[in-house]
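S.K.: Just passing along the structure, written as structure tokens.
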Amino acid sequence: MENFSLQKFDPSKSLFIEASAGTGKTYTIQLMVAKLISLGTPLKKILIVTYTEKAAGELKDRIRKKIDEVLVSRKLDKTNGAEKELDDAALALFSKAYQDVDNAAIFTIHSFCQKALKEYAYDAGRPFDMSMIDDSEVHDLVEQFIRDKWSDNSDFQFLLKTDSAQSIANKVATGLENIVNVYRGSEGDREIIPLDKPEQITFGDTALSDDDIRTIAIAKTFDNILGIPVLGDAFSTLEKHPAEKFGKTSKNCISDFLSALKLWEKDKTLFSGVSFKDSDFVRTTWPTDAYEAFLSFKALKELLPSINSVLLNNFLISQAATVFDEWQKYKTEKKCQSFNDMILSVHRAALDTSKGDSLLKSRLRAQYTYAIIDEFQDTNQLQWDIFSAVFDKIFVVGDPKQSIYSFQSADVNVYQKAIHEINNGMSLQTNFRSTTGIINGCNELFKGDFFTPNEGATKLIDFEPSLPPQNEKQVKAPPKINNNEAAPIWISEQDINEVDFARAAVQKIIDWCTFVDGKTVLQVFKKEDCTQYRNVTFKDFAVLARSRGEMDAIEDAMRSAGVPFSRYKDSNLFSCRECAEWIAIFKAINAPDFSAWNRRLLSEALITDFFRIARQDIHYAESKAFDDPNNPVRQKLNAWTELAQKRRYAEMLERIYSDTQVEERLTEISRLQNLARLRQIGNYAIEYLYNHNCSIEDLVRHLEALASYSENADDEDGNLVEKSSDYDAVQVMTIHASKGLEFPVVISVAGFKGKRPATGPFLYHDNDEIRLGFSEHAKTTRELEELEEWKRLFYVDFTRASSILMLPRYEKWKNTKGVKPEYAFLESSINGLIENASELTTILPKTENWNPQKLSETVKERILKPLNENSEIGKALSADEIRDNIIQQKCAMANLQTKLADASIMQYSYSSLSGKADSPVDADDGNRTNREGEEIATSRTSTVQIRDIDTAAVNCTIAADALLDYQTHLNESAHRFPRGSHAGNALHRIFECTQFQKFGLENKTLEDAFANPQTRNIIEEEFKRESLPIWNHRDTWIDIATRYTWNTLNARLPEIAGNSVQYTEQDPAEIAKQDAPQTFALVDIPLSDHKPEVQFNQNATDERGENCANNESANDEKCAESGNILKRFCKGFIDLLFVRTINGQKYYSILDWKSDMLENNNYTPEALKEKVDNDYSIQRVLYSYCLIQWLKQFYGKGTAENLSESEIFEKHFGGIYYAFIRGTEGGTPKGIYAQTWNSFNDLASAYQKVKDLMSKPSIIKEEN
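My numbering puts the first residue of the sequence shown at 23, with every later residue one more than the last.
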């Protein structure tokens, strides 16, 4: 294929450009846009569609810079010395284009469709004001079907016989949600993505009827199955040949086989595949009818374990179209649309020829002259249908070798069909990213069998080798080790395990980063001058894995050797002070003005690192100087606000940095860590604004939610943002996360975990048509297609390296028969590279004497110390320092809040309030001096004691039972089970991720829980999420956490209604005597009745309380203050809210998980009370009071029940519980603390005392 050149780019013809990794795809798009502008095409007439909002925003900025470059150089390509300069008329076109950049038509497919539907709603036949909805909300519709429409559906009613009703309901709901997310319905009489027919089961040539399948599903003994004609006949046939043996020397014959069949009972294996094995002997020596009969029972054996799944999947397939159509109808009636609907709507409107040419197509053709589609390998048939129908001239740029997003509906088959239709292609062959050695090495890896499709798969990739640059100034200097040129590709010894490879790789990281005579052992090319060399640091190394599970071994090795590393994406970043500072800045940018209450937003912004106003000078924000429009701070904020209003977010970010010079101030070695976090969060914020097409206000809410560990914070792929990628740490990430990035050294650890078994529905191709199904054929075909995508994933993996690539050859790639089929392409390509281009490779030796302590000393003395002594190099932190630094930032949000100017209300952590409560309420306002013209308005100064806060609380904890042992005897220390905040976070998250009732149904006993893979997977993932080394203690730690989970969810909690515990129906005298409270377990609570991580969002009137809401003479300022107290303090998240129905009334309760380890492992009711009284007395008051305020919106004044706060307490308050995870025991009340109050007045009184703790003196200006 001809290499792309701007001179040969003819805009009168559609074009596809195949761009391999590192070949300058984005720069090529800039050149194409520049040429179109030079030919007189207005920028707004050029539609550009790319994959993500972030990419769209960055491309807009790149095009702005390109236009600016053309205006300065007077050339489309300033690197082309032979190009003539543009005349003034042409430059005038670029001047106009520069003015239009902010309105350039650069979109994702979804934002393009959204804009088209909004502007041309009438032509598309859609309402003008469509709101967005997530297709996952189809769950409610499915539940309605279950309740109302399938009560007389025989297929569904039969499903209920195969499992519990709750389990079937959950499986049906989940299955249909998954189908709705990928199914696209019909256009006319044709399904856009055809659904397979329900799976037909055959034994030989005989198809089983529905009744036959149901008989098998509910059969308990073999006699129940014999009633099926095909199996009864097969059994009779085998009875005619009782002496036929299963092998020449086998003692087993058909009569033994029939005896084994008769012994079958439900949930057991039909027969032993070892004793009664299908073999060549059986096939060739048995009579034909006997062998065919045996095959029927062999098929039955394979069917039995999956029969319920077959029934379920057939039901889902049969109902999918009906549910989808009803869901679409519901959304239309409600004027809602999902992201998928936007594409569907444009597709239908653009291709509708029922009334002649499509009106929408005509509108779009008039609006855009050309279309450029970036990342075209990630398109699908619907999208291509739209573009090919609407645009005569279309230019697509992509790389089929990097198509790795089929799980997001990308379809590389469509890419191949589309370029065949375009039939005019060029390629980008020159790799500007990597050294010549890496380029040649990767060419060698990919040229052989790497992309050869497996048997049954379609050939989709024609690999073309990449070329190094022809210009010597662009050729990258090869890596050097100890001043000698080094091979670019390092390959492990044969059949290595993941631990040995990890240790060998970490040894090299340390060796290569070590300083010798002021230079690191490894030298790589400089980015700014690729012919020159520079030192390497830890951040030059990237570890790429296919999944998070593959990261464990190398992370453990780096951790033990003291090598700083950081997972590329992590949520802990948002708990730091820098996130709080960004929130303050964005609030100031979004403020309509800085008068009255908004003045506090200015105070918050000024004390950040961006402005660095000292606290003693914070009065500046209150002075008249700031009201001057020429005030420099005002001018900066106004400029940022203007850019935000124009959605020029990337430019806004850079203006913030340049205007405040914050980067210059934070370049001291001691502050580089802060700068790294500031940059990372800023980049994430801009990406979020682009990705979600949202406002600054939406961004602030999102960042606040992330800072509070909110489950409601959006995160599209489960990852949040790069963590610490700017400070000196090895980057660990998935291959998907690495796409578009590059690193001097890439260590690929991928490939030893294999691929996880997939669950349906399966999108697969059949004769180039994409289909959707659950059948074995669908599954097998999908697995073949995923294996081909796996190859493309490794292409992305290997091509991230610019200087050195390190590869394993895992022992897990082989079994007793040789290389496993799924790894054959890796084994073959790597061994071929060694044989055919040995000069490009070096064998990575195993580390024979792994000495992590010695390595750690090397890291400290010969790497970190020289780095830190060199002020020109960013401070390198040790692994311990990085971990400690993250932990130390968790209170930063509260710390920033304490610096507000008037500071009358503070946001405290519960622990800080507890520490403050036993001392007088301090009048310190942050060292602010009492200036002339001001007076101190004193507040409450009496001492408030913790023990006085809720003296009227009613302890509902079940009294001690002499028959119970309240001391735990699990020796955590013996198993090195982790303690501290990370372990606590992991345990909390396990409960958050668990559906209580489902857990109870699936894990009747503790032994069931130990054996449940889903429970074990959740536990393992949450420990990894907290970077706990579960890799070394997997079985013991999972067993301990499973024990805690099962015991806690099965513990007995007292039933609380209002101000009292509910008792079993006994004689009143017996109640007093036996003290027998009604109890329940958390596993009794269905999913719909419990909610983890709850944040109560109250209206202003709710927060103020009834006195303020109803009393017109109430002091408005005082009432507002009361509301703000509750709003500020209860911004956090409550572990669990659940509802119980007692005597026909709904009672709402709060529960907090506590992972505290009590003294002497003693969890008696008295010990629990003492712990809660000492540490959580403030928390329980706030949680309970906040719950009452929240319930007012459902039961308060003006609602159907029209209740007062006291009545809500009596009729709907269910108490507050603390579950001490380490002390619970299933079936007993051990480890459970519970309480309520005698009345709402007692609770309100306790809340007032908490307010006293939170009040501080205010400074009020004296009016002149």
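Just so it is clear, CB atoms sit at the ideal spot from N, CA and C, and this is done for glycine as well.
1. Using 9 Å as the threshold, is the C-beta distance between Asn446 and Ser36 below it?
2. Taking the DSSP output, what are the residues bridged to Trp1175?
3. Look at the alpha carbon of Gly1249 and the alpha carbon of Trp1175, and state the distance between them as a whole number of angstroms.
4. Based on DSSP bridge pairs, tell me the residues matched to Glu791.
5. Alpha carbons only, please: which of Tyr427, Thr401, Gln430 and Ser428 is nearest the one belonging to Val418?
6. Going by DSSP, which residues form a beta bridge with Tyr1085?
7. Please give me, in chain order, every unbroken run of the alpha helix (DSSP H) with length at least 4 that falls completely inside the segment 279 to 327.
8. Tell me which residue opens and which closes the beta strand (DSSP E) that Lys1113 is part of.
9. Counting pairs of Cβ atoms below 8 Å between the segment 512 to 531 and the segment 453 to 463, do you hit three or more?
10. With DSSP as the reference, label Gln1270 as helix, strand or coil.
11. Please report the distance separating the alpha-carbon of Ala146 from that of Met154.
12. Using the C-alpha atoms, what's the distance from Ile1156 back to Glu1014?
13. So, with DSSP's three-state summary, where would you put Cys1015?
14. Going by the beta-carbon positions, is the gap between Leu1190 and Thr979 smaller than 9 Å?
15. Should Ser360 go down as buried or exposed, given a rule of 16 or more other Cβ atoms within 10 Å for buried?
16. Can you tell which of Val1105, Pro220 and Thr291 has the C-alpha that lies nearest to the C-alpha of Phe244?
17. In the DSSP assignment, find the alpha helix (DSSP H) that holds Asp157 and state where it starts and stops.
18. Can the beta-carbon of Ala119 be found closer than 9 Å to that of Pro64?
19. Closer than 7 Å by C-beta to Asn1039: which residues in its own chain qualify, once you throw out the five before and the five after it? Chain order, please.
20. Quick one: grab the DSSP three-state call for Met54.
21. Can you list, in chain order, the residues of its chain with a C-beta nearer than 6 Å to that of Leu1158? Leave out the 5 residues immediately preceding and following it.
22. Let's see if you can read the secondary structure: which residues bound the alpha helix (DSSP H) around Gln667?
23. According to DSSP, is Phe468 helix, strand or coil?
24. For Met573, which of Ala524, Asn837 and Asp533 has the nearest alpha-carbon?
25. Within 10 Å of its beta-carbon, does Ala285 have 16 or more other beta-carbons around it, so buried, or fewer, so exposed?
26. Beta-carbon separation of Val818 and Ser760 under 9 Å?
27. Would you mind working out which of Glu879, Ala672, Thr184 and Ser376 sits nearest Ser328, comparing C-alpha positions?
28. Can you say whether Asp124 is buried or exposed, counting buried as having 16 or more other CB atoms within 10 angstroms of its CB?
29. For Gly1006, which option in Glu1048, Gly1022, Asn1025 and Ala984 has the closest C-alpha, if you only look at C-alpha atoms?
30. Mapping the DSSP letters down to three states, classify Cys1208 as helix, strand or coil.
31. Check for me: the beta strand (DSSP E) holding Pro766 runs from which residue to which?
32. Three-state secondary structure (DSSP) at Lys76?
33. Measure how close the beta-carbons of Leu566 and Arg822 come, nearest whole angstrom, since I'm counting them as under 8 Å.
34. From Asn890 to Leu659, what does the alpha carbon distance come to, in whole angstroms?
35. Which residue's Cα is closest to the Cα of Val655: Arg687, Gln683 and Lys668?
36. Would Ile1210 and Ile1230 be called neighbours here (beta carbons separated by less than 9 Å)?
M.R.: Judging by the given coordinates:
1. yes
2. Ala1241
3. 18 Å
4. Asp788
5. Thr401
6. Pro1099
7. 302 to 307 and 310 to 325
8. His1112 to Val1116
9. no
10. helix
11. 17 Å
12. 11 Å
13. coil
14. yes
15. Classification of Ser360: buried, given that the 10 Å Cβ count is 16 or more.
16. Thr291
17. Taken as a continuous stretch (DSSP letters only), Asp157 belongs to no alpha helix (DSSP H), as it is neither H nor E.
18. yes
19. none
20. helix
21. So the list reads Pro1114 and Leu1173, once near-sequence residues are dropped.
22. Pro654 to Gln667
23. helix
24. Checking every option, the nearest Cα to that of Met573 belongs to Ala524.
25. For the record, residue 285 in the displayed sequence is Leu; it is not Ala. Leu285 is classed as exposed because its beta carbon has fewer than 16 other beta carbons within 10 Å across all chains shown.
26. yes
27. Thr184
28. exposed
29. Glu1048
30. It is helical.
31. Phe765 to Ser770
32. Under the three-state reduction of DSSP, Lys76 is assigned to helix.
33. Correct: roughly 7 Å between the Cβ atoms.
34. 36 Å
35. Gln683
36. yes
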